[in-house]
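The sequence shown runs 1 to 290 under UniProt numbering.
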Amino acid sequence: MTPTLVRQHLSHADSAARVDLGARARDWSEIQERMLVPLYEAVYDRLDVGPATRLLGLRCGSGLALLMAASRGAAVTGVDSACPERLALARERLLPDPPPGGGNGTRARTAAKLVGGPLADAAGADPAGYSLVTVFEPVGSLAGDSEGLGDLLAGALPLAGRGAAVVLAGWGPPERCATSSVLRVATKLADPVGGARTWRAARRDDLEEVAGRAGLKPDGSGRVACPFGYADLDSAVRGLLSTGLFDAAIAATDAKQVDKELAEALHPHRCPDGTVWMPNVFRYLIARVP
Numbered sequence: 001m002t003p004t005l006v007r008q009h010l011s012h013a014d015s016a017a018r019v020d021l022g023a024r025a026r027d028w029s030e031i032q033e034r035m036l037v038p039l040y041e042a043v044y045d046r047l048d049v050g051p052a053t054r055l056l057g058l059r060c061g062s063g064l065a066l067l068m069a070a071s072r073g074a075a076v077t078g079v080d081s082a083c084p085e086r087l088a089l090a091r092e093r094l095l096p097d098p099p100p101g102g103g104n105g106t107r108a109r110t111a112a113k114l115v116g117g118p119l120a121d122a123a124g125a126d127p128a129g130y131s132l133v134t135v136f137e138p139v140g141s142l143a144g145d146s147e148g149l150g151d152l153l154a155g156a157l158p159l160a161g162r163g164a165a166v167v168l169a170g171w172g173p174p175e176r177c178a179t180s181s182v183l184r185v186a187t188k189l190a191d192p193v194g195g196a197r198t199w200r201a202a203r204r205d206d207l208e209e210v211a212g213r214a215g216l217k218p219d220g221s222g223r224v225a226c227p228f229g230y231a232d233l234d235s236a237v238r239g240l241l242s243t244g245l246f247d248a249a250i251a252a253t254d255a256k257q258v259d260k261e262l263a264e265a266l267h268p269h270r271c272p273d274g275t276v277w278m279p280n281v282f283r284y285l286i287a288r289v290p
């Protein structure tokens, strides 16, 4: 489900040498990103996101979560400096070109802003600051995937108002996430790469530990079913590759080998009609800015 399902871990230049980053971003926005819609909806319902909400979306990717908040009337700002290809797709969604001749056009119904540079550029005009900060990119699938969140939150919290909600997301228990068995393929293939991050089971307190390091006060949590469903095997492979979780495996072997072994790992999850279905549970934590 985002940041989805973690940030690409090869450098942007190294990734470009192996994959078409534009096509990868499009696969993310058209195939994979929608898998986290139940998570977005559950959080927005619980926090009553609406016209009074000023939302800052960190690692916003191609902007689906922002678009859903904007459709509820929220003023949204998205930040993503790691993947300009995804951010370009977010601009298409949230800041479309006005129609010929001017007029109200099809722009987002409420204020929207997208930032591909420093977090300071996301400072809002409202002195009260943002009322909601989200990091919907789930942690708990790779060893160390939460390490960068501390610095990210440290830069964002001064932009939020006192008492603002901060939402973090993570994978649920591996026994309730069918995709966990598929992600292990990435670990097996990436083993020859020294220092490559490997798959690990999500821990119960992953999100609380991140919040604690950032000085946030937990204020509730929840679990949401986010099944991964694909029209066919090809869509499943493309969707999972778009997360960036298999980049180290591609670097260690080659794209064709990764495609082959990923398809084999997905075979148990194929349905008689050719679709691919993997039930998963994701977790979210709501914390408050002191």
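The C-beta atom is built at its ideal place from N, Cα and C for all residues, glycine as well.
Residue i in three-state terms, based on DSSP
i	result
Val166	strand
Gly195	Since pLDDT at Gly195 reaches only 49, below the 50 mark, its modelled position is unreliable, and no value is offered.
Ala82	coil
Ser15	Confidence in Ser15 is poor, its pLDDT being 46 and thus under 50, which makes the residue's placement too unreliable to answer from.
Arg204	coil
Val37	helix
Val49	coil
Lys188	helix
Asp20	coil
Ser242	coil
Pro212	Before going on, a small fix: residue 212 reads as Gly here, not Pro. Of the three classes helix, strand and coil, the one that applies to Gly212 here is helix, per DSSP.
Leu67	helix
Leu95	coil
Thr253	coil
Glu261	helix
Gly150	helix
Cβ-based neighbour list, residue i, same chain, cut-off 8 Å, excluding 5 preceding and 5 following
i	result
Val182	Leu240, Leu262, Ala265, Leu266, His269, Met278
Ile31	Tyr230, Ser235, Arg238, Gly239, Ser242
Met68	Val37, Tyr40, Glu41, Tyr44
Leu47	Thr53, Leu132, Ala165, Val167, Ile286
Close Cβ partners of residue i (< 6 Å) along its chain, the five nearest in sequence each way excluded
i	result
Val166	Val133, Leu216, Ala287
Thr106	No answer about Thr106 holds up, because its pLDDT of 41 lies below 50 and its placement is not dependable.
Leu153	Ala214
Ser221	Leu285
Thr77	Leu56, Lys113, Ala122
Arg26	none
Ser29	Ser62, Leu89
According to DSSP, residues forming a beta bridge with residue i
i	result
Thr134	Gly57, Val167
residue 367	No statement about residue 367 is possible, as the shown extent of the chain runs from 1 to 290 and does not include it.
Thr77	Leu56, Lys113
Met278	Phe228
Ala160	Tyr130
Arg283	Gly170, Arg223
Arg72	BP columns for Arg72 are empty, so no partner.
Arg270	Val276
Val237	According to DSSP, Val237 bridges with nothing at all.
residue 296	This structure does not reach residue 296, given that the chain is present from 1 up to 290, and the question cannot be answered.
Integer-rounded CB distance, given that residue j should sit under 8 Å from residue i
i	j	result
Leu114	Leu94	7 Å
Gly172	Arg223	6 Å
Gly155	Ala128	In fact, because the Cβ distance is near 19 Å, the residues do not count as touching under 8 Å.
Leu157	Val49	No, Leu157 and Val49 are not in contact; Cβ-Cβ is about 19 Å, not under 8 Å.
Same chain, Cβ closer than 7 Å to residue i, five either side skipped, listed in chain order
i	result
Gly22	Glu85
Asp259	Val237
Phe228	Met35, Thr179, Met278, Asn280
Ser81	Gly116, Gly117
Tyr130	Arg54, Leu55, Leu56, Gly124, Leu159, Ala160, Gly161, Ala164
Arg91	Leu114
Glu208	Pro218, Leu285
Cβ pair count under 8 Å reaching 3, the region 45 to 55 against the region 72 to 82: Contact between the region 45 to 55 and the region 72 to 82 is present, because at least three Cβ pairs lie under 8 Å.
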